[in-house]
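Protein chains: 2
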Amino acid sequence: MNSEDLCQVYRCLCDLTRLRILNLLGEDALCVCHIQQVLGESQVKISKHLAYLKSHHLVESERRANWMIYRICNTANPILEENLKCLQDLSSEDPVFMADLKRLRATDTSAACCPTAS
Amino acid sequence: MNSEDLCQVYRCLCDLTRLRILNLLGEDALCVCHIQQVLGESQVKISKHLAYLKSHHLVESERRANWMIYRICNTANPILEENLKCLQDLSSEDPVFMADLKRLRATDTSAACCPTAS
DNA sequence: GTCATATATACTCATAAAGGAATATACCTG
DNA sequence: CAGGTATATTCCTTTATGAGTATATATGAC
Numbered sequence: 001m002n003s004e005d006l007c008q009v010y011r012c013l014c015d016l017t018r019l020r021i022l023n024l025l026g027e028d029a030l031c032v033c034h035i036q037q038v039l040g041e042s043q044v045k046i047s048k049h050l051a052y053l054k055s056h057h058l059v060e061s062e063r064r065a066n067w068m069i070y071r072i073c074n075t076a077n078p079i080l081e082e083n084l085k086c087l088q089d090l091s092s093e094d095p096v097f098m099a100d101l102k103r104l105r106a107t108d109t110s111a112a113c114c115p116t117a118s
Numbered sequence: 001m002n003s004e005d006l007c008q009v010y011r012c013l014c015d016l017t018r019l020r021i022l023n024l025l026g027e028d029a030l031c032v033c034h035i036q037q038v039l040g041e042s043q044v045k046i047s048k049h050l051a052y053l054k055s056h057h058l059v060e061s062e063r064r065a066n067w068m069i070y071r072i073c074n075t076a077n078p079i080l081e082e083n084l085k086c087l088q089d090l091s092s093e094d095p096v097f098m099a100d101l102k103r104l105r106a107t108d109t110s111a112a113c114c115p116t117a118s
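As you go down the protein sequences, you meet chains A and B in turn. With my numbering applied, the first sequence covers 1 to 118. With my numbering applied, the second sequence covers 1 to 118.
As structure tokens, this is what we get:
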């Protein structure tokens, strides 16, 4: 971990859509279509942000039949860990994050497309 | 503090020059010319990044005669606090931050232009 | 093999950000 | 007031980022 890596972590975190995705993934591993559905955003948008997060090792993915399940990496990066924790704290105060989590919980993530992702 | 603010904090942090500036200001309040000198960057570049940090309330400035003294805001933002602390931890490991601090300590910040800034 | 579904990628456009050169402003000295 | 120094701002160019449309790929069902 050096200054460049640190910068890169912040680049990953400085987009609201990506923060919203990470907020969801903090709860559970999810497939693209569920993220898309909960956030109410287009497939391309979600897919591209996931690709971005993946390319910088914040998330990892695993194929299950037609679906790609994304989860937050088990990282050895303390700064990232710390910020994900902060995100979790804020998720109980911020209206956007709260609404997302509410919609997530109202969604049956084990049904429809993905079989129990986690 | 909401999700938009959070995003904005990360935007401030996702540029290496700004991180280097914050790393220096973590040590002491400094005038523009000293930051410029220690980082070896142009006046415009430093000035613009400081303006950016100031516009988002990460730093504040105070004029002393010809000089503008910048310091990190006493903020009530826990996420920012946390990340500045992380920056400080990393500054003893990362070559860029370490070299900057070394040059800072070799600079007489109380002389030349600014009278004791802090 | 075809078809449907889930996801990824390529291409394009619009906007933002970073940097440099030149210029403007603010302050001090005399 | 003029002249010098420190800093800020404007203008311009280049590059990066985000979003949309269309298309491609991967998998499963048949």
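Every residue gets a Cβ at the ideal spot worked out from N, C-alpha and C, and that includes glycine. In this text, all values refer to a predicted model and were calculated from it rather than measured experimentally.
- For residue 82 of chain A, the enclosing alpha helix (DSSP H) has its first and last residue at 78-90.
- Inclusion of residue 27 of chain A and residue 101 of chain A in the CB contact set at 8 Å is warranted, their separation being smaller than that value.
- Using a Cβ-Cβ cut-off of 8 Å, residue 96 of chain B counts as an interface residue toward chain A, since at least one Cβ of chain A sits closer than that to its own.
- For the C-beta of residue 82 of chain B, the chain A residues within less than 7 Å are, from N- to C-terminus, 82 and 86.
- Comparing alpha-carbon positions, the option among A:98, A:78, A:57 and A:86 lying closest to residue 90 of chain B turns out to be A:78.
- Beta-bridge pairing by DSSP links residue 70 of chain A to A:30 and A:61.
- If you compare the alpha carbons of A:4, A:39 and A:67 with that of residue 22 of chain A, the shortest gap goes to A:39.
- Only those residues of the region 10-23 of chain B whose C-beta falls short of 8 Å from the nearest C-beta of chain A are listed: 10, 11, 13, 14, 15, 16, 19 and 20.
- Residue 107 of chain B: not part of any alpha helix (DSSP H); DSSP gives it neither H nor E.
- Exclusion of the five residues before and after residue 37 of chain A leaves no residue of its chain whose Cβ lies closer than 6 Å to its Cβ.
- Cβ contact annotation for residue 43 of chain B (same chain, cutoff 6 Å, sequence separation greater than five): 36, in chain order.
- Judged by beta-carbon spacing, residue 72 of chain B lies beyond the 8 Å limit of residue 87 of chain B, meaning their Cβ atoms are not closer than that value.
- When A:11, A:64 and A:75 are compared, the shortest CA-CA separation from residue 57 of chain A is found for A:75.
- Not flagged as an interface residue toward chain A: residue 39 of chain B, since no C-beta distance is shorter than 8 Å.
- Residue 99 of chain B has its alpha-carbon roughly 10 Å from the corresponding atom of residue 93 of chain B.
- Between the alpha carbons of residue 69 of chain A and residue 34 of chain A lies a distance of about 10 Å.
- Closest option to residue 107 of chain A, judged by alpha-carbon separation, among A:67, A:49, A:31 and A:5: A:31.
- The alpha-carbon of residue 12 of chain A is positioned some 10 Å away from that of residue 11 of chain B.
- Assigned with DSSP and collapsed to three states, residue 42 of chain B falls in coil, not helix or strand.
- Taking 9 Å as the Cβ-Cβ cut-off, the region 34-61 of chain B has no residue approaching chain A.
- When the alpha-carbon of residue 6 of chain A is set against those of B:20, B:45 and B:2, the nearest one is in B:20.
- Distance from the Cα of residue 62 of chain A is smallest, within the candidate group A:29, A:16, A:24 and A:2, for A:29.
- With respect to the C-alpha of residue 49 of chain A, the residue from A:17, A:25, A:95 and A:64 having the closest C-alpha is A:17.
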